[in-house]
Every structure is written in structure tokens, then in C-alpha cells.
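**Student:** Numbering (this note's numbering), first residue to last: 9 to 436. The C-beta atom is built at its ideal place from N, Cα and C for all residues, glycine as well. Given the structure is predicted, the values throughout are model-derived calculations rather than measurements.
1) What is the DSSP secondary structure of residue 159, counted as helix, strand or coil?
2) Since residue 428 contacts residue 377 with CB under 8 Å, what's their CB separation in whole angstroms?
3) Under 8 Å by Cβ, that's how I've got residue 59 and residue 341 pegged, so tell me the actual separation to the nearest angstrom.
4) Give me the residue from 396, 346, 306 and 397 with the minimum Cα distance to residue 421.
5) When you compare each of 270, 419 and 255 to residue 396 by their alpha carbons, which one comes out closest?
6) By Cβ distance, which residues of its chain are closer than 6 Å to residue 12, with the 5 residues on each side in sequence left out?
7) Could you check if residue 187 is buried or exposed, using at least 16 other CB atoms within 10 Å of its CB as the buried criterion?
8) Note down the Cα distance separating residue 183 from residue 56, rounded to an integer number of angstroms.
9) Within a Cβ cutoff of 7 Å, which residues of the same chain sit near residue 116, ignoring the five residues on either side of it in sequence?
10) Quick check on residue 329: buried or exposed, where buried means 16 or more other Cβ atoms within 10 Å of its Cβ?
11) Tell me the residue span of the alpha helix (DSSP H) that contains residue 148.
12) What distance in whole Å lies between the Cβ atoms of residue 338 and residue 51, which are believed to be in contact at a cut-off of 8 Å?
13) Using the beta-carbon count (16 or more within 10 Å), is residue 399 buried or exposed?
14) Taking the continuous alpha helix (DSSP H) assigned at residue 251, which residues delimit it?
15) Give the straight-line distance between the Cα atoms of residue 4 and residue 73, rounded to the nearest whole angstrom.
16) Excluding sequence positions up to five away, which residues of its chain have a Cβ less than 8 Å from the Cβ of residue 19?
17) Where residue 225 and residue 207 are concerned, what is the direct C-alpha to C-alpha distance, given to the nearest angstrom?
18) Less than 7 Å between the beta carbons of residue 357 and residue 391, yes or no?
19) Does the structure place the segment 212-220 close enough to the segment 95-107 that three or more beta carbon pairs sit under 8 Å?
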């Protein structure tokens with residue numbers, strides 16, 4: 009083979025590496041700058057609110073995000089898959105998804121508000137829970153899939169950082185010791201509502217679609233019929249990864265929930281870096297699968313192994329400094345939660361491996377396998393919370409989260425290995 013032929017053959021791979029590096033570095037540049045500032049704002053707001061207040065507001069946010077994922081019905085992943093394969097354009101799918109989620113989000117927000125109004129909650133706690141209804145409606149209109157499908161994640165990261173940075177700036181400038189319950193939630197609600205509204209308006213102008221289009225709801229139904237298994241996985245995985253905080257709140261109380269939140273918030277800041285890597289890779293995995301099954305399998309295993317190894321190194325280093333670092337960040341009030349941080353961090357690195365396996369299985373059109381891997385882990389860990397949390401407190405919550413993430417990564421890896429072998433046999 010001549011040098012010219014060799015260079016032409018290697019060009020697509022080289023172009024992919026350049027694009028992947030450009031997209032990831034561009035995304036991470038904004039994420040690093042924004043997240044550093046966001047962590048400062050979050051830590052300061054947590055110190056101002058105290059354990060009880062932060063425990064209430066963050067539990068509301070977690071519940072809203074859980075309901076949002078329930079209402080998402082897995083349409084994002086299918087939309088990305090259709091656009092990556094050239095079956096549809098993003099502007100053709102967007103009106104159906106926006107209209108579907110706006111209608112469902114509005115109904116869910118009204119039902120949430122009714123439940124709060126008939127409850128025994130009063131004062132600021134009632135208003136905070138009512139704000140959670142509006143927060144649910146806003147987060148239901150998630151726009152990230154549009155940028156993921158069109159491979160514009162560096163741009164999406166800039167939009168998604170705006171509300172976080174704006175909220176952190178507000179925290180630093182206006183929050184003070186003894187801050188009232190719900191203050192952080194109201195700030196986050198306002199910032200997110202403004203950005204979500206602007207992004208959908210902007211993207212509708214660029215891609216030429218009208219956001220609200222009830223005539224397109226039939227398209228959303230067609231997507232759901234393809235996506236329901238993906239939806240089942242997303243919902244069960246979100247519960248697996250995030251049920252620790254609501255369990256801590258309802259089984260242990262506001263104070264313990266606030267302590268758990270202090271560690272979880274730092275982990276979420278790290279998780280966004282890892283999450284964006286998975287989002288960038290998702291459409292690329294579909295392309296790899298179509299191009300070369302053997303290469304596809306090697307790269308998925310390489311990415312997963314690298315994420316797990318990085319997690320072990322990072323978490324191990326964190327263990328050495330966390331007892332000193334935690335009181336510096338939050339003060340002695342939150343010091344008892346320091347041991348939770350390295351455990352939760354390791355779980356998020358394992359989650360990257362799970363994400364690679366899951367997207368790879370979706371690329372293989374093995375949508376049922378991720379659900380079969382995740383549901384047992386979710387159900388078993390959920391049952392163990394009721395047994396172990398009253399005995400061991402938040403320590404059990406952190407280790408159960410890590411154990412569930414580890415088991416899911418293992419099962420997903422076995423499922424992917426089996427699916428990839430079946431694909432090779434078919435091609436042979």
C-alpha cells in the first residue's frame with residue numbers, strides 16, 4: 009500500500025480524534041471555569057443556609073429532577089440516535105418533544121402544587137415546596153439533546169453554565185449567615201427559567217421550527233414507542249444513583265440530609281465533567297458501530313477501563329486530604345460528612361463506564377439489556393436503604409450508592425461483551 013493510500017485510509021480516524029479533542033477540550037474549558045466558580049457559590053450558600061435548610065431545598069430539587077426524568081420518557085436518546093443515523097433532522101423532532109414535555113410538565117407541576125396546598129406544610133416550607141413545582145416545569149424543558157444530536161456540546165456547555173454561574177454570583181453577593189429556607193431554590197429557579205426560555209427561542213430561530221406544535225404530538229408518540237426501554241433504564245438508573253438523598257431526608261431527617269448534600273454537591277460538580285464526556289461520545293458510538301464492529305468493541309472497553317482506573321486514582325488521592333479539606337470548605341458543622349466524598353466520587357467514575365456500555369448497547373439496538381442490568385441493582389439497593397440507613401446513617405447511603413454503581417458497571421460490561429460477540433457471529 010502506498011503512502012498516499014495509507015494516509016487516505018487513516019484520515020477519517022485522524023479527523024475524528026481532532027474533532028473529539030476539540031469538542032471535549034472546548035466543553036471542558038468552559039466547564040472548568042464555570043464549575044470552579046459554581047463550587048465557591050454552592051459552598052458559600054450551604055454554609056449560609058445550614059444543614060436543615062439545605063437538606064430541604066436539595067431534596068426538593070432531587071425529587072423534581074426524578075419526576076422530570078420520568079416525564080422525559082427516553083425521547084432524548086432516540087432523537088439523538090435518529091439524527092446521528094440521518095433518519096431525521098433535529099428541527100423536525102424538536103417541536104414534538106418540546107410540546108409533549110411542556111404539556112406533561114405543566115400537568116405535573118399543577119398536581120405537585122395541589123399536593124402541597126392540601127398538606128400540613130406552612131410558612132416558608134410551603135412556599136419552598138411550591139417553588140419546586142415551577143422548578144419541575146422548567147427542568148422538564150431540557151434542551152441538551154438538541155446540541156448533543158448536532159454535535160455542538162461545547163456550545164451547550166456555555167448555555168448550561170449560565171444559570172449556575174448566575175446563581176453562584178447571587179449567592180456570593182447577597183447571601184448571609186442564617187439565610188432563609190428556600191432562598192437557593194428561588195434563585196436557581198429564576199436563573200434556569202431565563203436560560204431555558206432563551207435557548208429554546210434561539211434554537212427555534214436557527215433550526216426553523218415553532219416550539220409549540222400540537223400537530224407534532226403524534227411524532228412524540230412514535231418516538232416513545234421506540235424509546236420506552238431507554239426511558240425505563242434512565243429512570244431506574246437515576247433512582248439508583250440519586251435515591252440516597254431522599255432516603256436520608258425521610259429516614260434520618262433534615263440534618264442528616266443536609267450533611268449528605270454537602271458531599272453530593274461537590275460530587276455533582278465533578279460529575280458534570282464526566283457527564284459531558286459521555287454526551288460527546290454518544291453519537292460517536294453509533295457511528296463506530298456502523299463503521300467497524302471490532303473497532304467499536306475495543307474503543308468501548310478502552311474508554312470504560314480508563315474511566316475506572318482514573319476513578320480509583322482520584323478517589324484514593326481524595327482520601328488522603330478530605331479530612332483536612334472538608335472543614336476548610338464547609339466549616340466544622342459539616343465535618344462529619346467528609347468520609348462520604350471519596351466514596352461518592354468513585355461511584356461517579358464507575359458511572360462513566362456504565363454510560364459507555366449503555367450507549368454501546370443502544371447503538372447495537374439492544375435496548376432491553378440495560379434495563380435488565382439496572383432494575384435488579386436499583387431494587388436491591390432500594391431495599392437495603394430501609395435496612396442499613398437507620399443503623400449506619402449516611403455512611404451506608406454512600407457505600408450503597410457505590411455498590412450499586414459498581415454492580416451495574418459489571419453487569420453492563422458482561423451484557424455488552426455478549427452483545428458484541430453476537431454481532432461478530434452474525435457478520436461472520
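**Tutor:** This is what the structure gives:
1) The residue you call residue 159 lines up with position 151 of the chain shown. It is coil, neither helix nor strand.
2) Translated into positions along the chain shown, residue 428 becomes position 420. Translated into positions along the chain shown, residue 377 becomes position 369. Not confirmed; about 11 Å, so no contact.
3) Here residue 59 corresponds to residue number 51 of the chain shown, with the count starting at 1. Here residue 341 corresponds to residue number 333 of the chain shown, with the count starting at 1. Correct: roughly 7 Å between the Cβ atoms.
4) Residue mapping note: residue 421 aligns to position 413 of the chain shown, counting from 1. Per the Cα distances, 306.
5) Within the chain shown, the letter at position 388 stands for residue 396. For residue 396, the nearest C-alpha among the options comes from 255.
6) In the chain shown, the residue the question calls residue 12 occupies position 4. Reliability fails at residue 12, whose pLDDT of 43 lies under 50, so the model's placement of it is uncertain and the value that follows must be treated cautiously. Same-chain partners within the cutoff: there are none.
7) Here the question's residue 187 lines up with position 179 in the chain shown. With 16 or more other Cβ atoms within 10 Å, it is buried.
8) To locate residue 183, count along the chain shown from 1; it is residue 175. To locate residue 56, count along the chain shown from 1; it is residue 48. So the alpha carbons of these two residues sit roughly 7 Å apart.
9) Indexing the chain shown from 1 puts residue 116 at position 108. Excluding sequence neighbours, residue 116 sits near 75, 79 and 144.
10) Mapped onto the chain shown, residue 329 falls at position 321. The residue is exposed, with fewer than 16 neighbouring Cβ atoms inside 10 Å.
11) Locating residue 148 in the chain shown gives position 140, where the first residue counts as 1. Looking at the DSSP string, the run of the alpha helix (DSSP H) that includes residue 148 is 131-148.
12) Along the chain shown, one-based indexing puts residue 51 at 43. Along the chain shown, one-based indexing puts residue 338 at 330. Between residue 338 and residue 51 the Cβ distance is about 6 Å, and since that is below 8 Å, they are a contact.
13) As a position in the chain shown, residue 399 is number 391, starting the count at 1. It counts as exposed.
14) Taking the chain shown and counting its residues from 1, one reaches residue 251 at position 243. It is not in any alpha helix (DSSP H) - residue 251 carries neither H nor E in the DSSP assignment.
15) In the structure as shown, the chain begins at 9 and stops at 436. Residue 4 is therefore absent and cannot be evaluated.
16) In the chain shown, the residue the question calls residue 19 occupies position 11. For residue 19, the predicted model reports a pLDDT of 44, less than 50, meaning its position is unreliable and no value from the coordinates is stated.
17) In the chain shown, the residue the question calls residue 225 occupies position 217. In the chain shown, the residue the question calls residue 207 occupies position 199. Distance between the alpha carbons of residue 225 and residue 207: 21 Å.
18) As a first step, residue 357 must be located in the chain shown, where it is residue number 349. As a first step, residue 391 must be located in the chain shown, where it is residue number 383. Going by C-beta atoms, residue 357 is not nearer than 7 Å to residue 391.
19) yes
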